[in-house]
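Novice:
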Amino acid sequence: MTHPAFYDPAQRDPSLGRRPQNRRDDAWIAALLSRVPLGRVATVWQQEGGPAWPFITPLAFAYRPERHDLVYHTNLVGRLRANTAQGHPATFEASEIGCLLPSTSPLELGVQYRSVIVFGTARLLTDPAEARDALTVLSERVFPGLRIGQHTRPILDSDLARTAVYSLAIERWSGKENWAETAAQEEGWPPLPDHLARPRPAEVTP
């Protein structure tokens, strides 16, 4: 299979965004990961002698800058734990979505977004102290102002026995932003009527 010369993963870092004007630096990426509480982790199950099955899990997470990792937890058993145990690379995505931007050009219909993609390897935290620390950071990060052991009871060994806590070590990351106020319009085509021309929040349905 051939790739366009301007985007050949064999010749360039596949984590690097293709459009330089939308790329953001490390500080911007760290800031987004520090304020967005929800993301999606992509893992793979590789059946021996068979196909690879990708799987995406939406979940709450926390970025730990001092460790340069992401922590999250899921059910004790399931596809995410099985996939992670195989040791394949993982990919994580977190984003902020603004308004849908209407246009008279089908290819210019757009959306305001800020997003980060993280590339790395995830592992299950089996040491109780390590898992408890990660779960504490995650809880207090997703619920600002809440303190484990002060506003809630402490995390018990019995709690850790009921969940799987993970750390995704960040090896590469990329951030991009496109927050235009309006979309480009088709020259020579009649403008949209007012009720269609207004940007609208992405979560609102017609």
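No gaps in the numbering here: position 108 of the sequence shown is 108 in the UniProt record's numbering, and each next residue is one more.
All C-beta atoms in this analysis are idealised placements derived from N, C-alpha and C, irrespective of residue type, glycine included.
Just so you know, these numbers come straight off a predicted model, no measurement behind them.
#1: Which residues does DSSP list as the beta-bridge partners of I56?
#2: Pair every Cβ in the region 94-112 with every Cβ in the region 120-132, then say whether three or more of these pairs are closer than 8 Å.
#3: G159 lies in the alpha helix (DSSP H); which residues open and close that run?
#4: If you follow the beta strand (DSSP E) that L101 is in, where does it begin and where does it stop?
#5: Assign G39 to buried or exposed, taking buried as 16 or more other Cβ atoms, counted over all protein chains shown, within 10 Å of its Cβ.
#6: Cα separation between N178 and R172?
#7: Buried or exposed: which applies to L160, given that a residue is buried once 16 or more other Cβ atoms fall within 10 Å of its Cβ?
#8: Quick one: does the C-beta of T182 sit closer than 6 Å to a heavy atom of the ligand HEM?
#9: Suppose only complete runs of 3+ residues qualify. What are the beta strand (DSSP E) ranges in the region 106-191, listed by chain order?
#10: Excluding the 5 residues preceding and the 5 following I148 in the sequence, name in chain order all residues of the same chain whose CB lies nearer than 7 Å to its CB.
#11: Does DSSP put T74 in a helix, in a strand, or in coil?
Specialist: Based on what the coordinates show:
#1: A42
#2: no
#3: One point to set straight first is that residue 159 is Asp, not Gly, in the sequence displayed. Unbroken alpha helix (DSSP H) run through D159: D157 to L160.
#4: P89 to L101
#5: buried
#6: 21 Å
#7: buried
#8: The ligand content of the structure shown is nil, which means the ligand HEM is not present either.
#9: 110-124 and 163-178
#10: T136, S139, E140, P154 and I155
#11: strand
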